[in-house]
Amino acid sequence: MKDAKINVYKAFISLIAVFGIIFITSTFAQQPETKKTESSAPDRAPVKTEESVESSPVKPPEDFLSAGQNIDVKSEGTIGDVAVAGANVTISERALGYVMAAAANVNINAPVGNDLWAAGAQIFVNAPVSDNAMLAGSTVIIQKDGTIGNDVRIAASTVDIKARINRNLRVSAANVRISSEVGGDVEIYAQNVSLDPGAKVLGNLVVHGPNEPIVSSGAKVFGNVEHRKIESTQTTGSSIRNWFGGWFIRFLWITVLGLVAVWFSPVWTDRVATAIRAHTGKSFLIGLLVILAMPILLLLLLITVAGLPLALLLGALTVVAALLSAVFVSYLTGEWFLKQLKRWEKSNVLKIIFGALIVTLVMSLP
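Throughout, the numbering used here is defined as the position within the sequence shown, counted from one, plus 24.
Here it is, written out as structure tokens:
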């Protein structure tokens, strides 16, 4: 079973690498004609820095799109949807729509009118969320004012829930503490689970892990309490930390590399993506053949003194292609995702951010 998982993972990595070869072949073998129009460069959503965000608050009811070091979402009135990425992200004013945030530190200090999607090392929900919340991080804390109107799904190392959740709760973590009311069922995969005084679960409580949940005398579960023992989860905490660390590093470097590509050469980035999209099958087969032949070619070159420099050059190009391939796969994935949302379809920056988020999460699945 372990070998099968490794083979599947290698196959997926190979698939990513294939698109890297596509990028090389499509860039140098095909040079599509560029028609001169009034605006030859694709539209690009402005990337706001910390200074521009603070000095130029969003005019309502516009959507808020930003990427930078420190992002503080403010407005003189109300905001529509929010999509932000940075080192530190704070939502300081009410958003009527979705909030999508990716950062090392995410603070939700104002109400969210629809779903909340957040990924980061530390996530603090300090204000109500009208619909669902999907949170992934190392530490996730939902404070007393952070009421969730619908379902909650969390993947983290440490989870502390202090606010009411109107419907169901699903958690995968090392340590979970609940001290509030949950209106539906609770299902948790964790090493340690505790229900503090004041906690209420109106549905069933199901815990998967090595230890039974600790339910204090001041807590109450109205449904059934079930403990499904899993002996292999004694390393749950370190496994989740390792998973999150690996995911965050992959997300960060793909995002940074992608933003550099679309910022300095948006036309080239769009041209390569267009070539991949237009000739996916043919390019995939060519790239697959190149990948299969490359190790043999490198080996033959390495055993000859004259071929050593060429082998090093080809090896370096292969590594670069593999890195850039993840960028273009993320770009196309983000393009598809934004088309489904029917929003921000012309923003290359958001294509990279959301595409990198989706691709790295898929790559990180166990």
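In this text, a Cβ means the ideal position worked out from N, Cα and C, and glycines have one as well.
Note that the coordinates shown come from a computational prediction; the quantities given were computed from them, not determined experimentally.
Practice item. Tell me, to the nearest whole angstrom, how far the beta carbon of A180 is from that of L381; I am working on the premise that it is less than 8 Å. Key: Taking 8 Å as the upper bound for CB-CB distance, A180 and L381 are not in contact here, some 16 Å apart.
Point to revise | Where the beta strand (DSSP E) containing I185 begins and where it ends | key: Run containing I185: 182 to 185, per the beta strand (DSSP E) assignment.
Point to revise | I320 classed as buried or exposed, judged by whether at least 16 other C-beta atoms fall within 10 angstroms | key: Counting Cβ neighbours within 10 Å, I320 comes out exposed, since fewer than 16 surround it.
Practice item. Just the C-alpha distance for R177 and V195, rounded to the nearest angstrom, thanks. Key: Whole-angstrom Cα-Cα distance: 6 Å.
**Study point:** Alpha-carbon spacing of D87 relative to N235, whole angstroms
**Key:** If you take the alpha carbons of D87 and N235, they lie about 45 Å apart.
Review point. S204: beta carbon under 6 Å from a heavy atom of the ligand ATP?
Key: Here there are no bound small molecules, and the ligand ATP is not part of this structure.
Practice item. Can you grab the Cα-Cα spacing for the pair K98 / V217, in whole Å? Key: Near 37 Å, if we compare the C-alpha coordinates of V217 and K98.
Exercise for review: Report yes if the C-beta distance between A145 and A128 is below 7 Å; otherwise report no.
Suggested key: Yes.
Review point. What are the boundary residues of the alpha helix (DSSP H) that K375 is part of?
Key: Per DSSP, the unbroken alpha helix (DSSP H) holding K375 starts and ends at 372 to 387.
Check your understanding: Between E369 and the rest of its own chain, which residues show a CB-CB distance below 8 Å, the 5 nearest in sequence each way excluded?
Key -> Cβ within range, chain order: E359, L362, K363.
**Study point:** Whole-angstrom distance between Y122 and D155, CA atom to CA atom
**Key:** Answer to the nearest angstrom: the Cα atoms are 9 Å apart.
Review point. Beta-carbon separation of I132 and A151 under 7 Å?
Key: Contact flag set, yes.
Review point. Does the distance from the CB of G282 to the CB of S203 come in under 7 Å?
Key: Cβ distance not < 7 Å, so G282 and S203 don't count as in contact.
Point to revise | G110: first and last residue of the uninterrupted beta strand (DSSP E) it sits in | key: Element bounds for G110: 106 to 115.
Practice item. Would you decide whether Q215 is buried or exposed? Buried here means 16 or more other CB atoms lie within 10 Å of its CB. Key: Around the beta-carbon of Q215, 16 or more other beta-carbon atoms lie within 10 Å, marking it buried.
Check your understanding: According to DSSP, is A350 helix, strand or coil?
Key -> Correct three-state label for A350: helix.
Point to revise | F246 - DSSP class collapsed to helix/strand/coil | key: Reduced to three states, the DSSP call for F246 is coil.
Review point. Relative to the C-alpha of V284, which residue among L365, V373, G104, L309 is closest?
Key: Closest option to V284, Cα to Cα, is V373.
Review point. Short check: CB of G242 to CB of L226, under 7 Å?
Key: The criterion of a C-beta distance shorter than 7 Å is not satisfied by G242 and L226.
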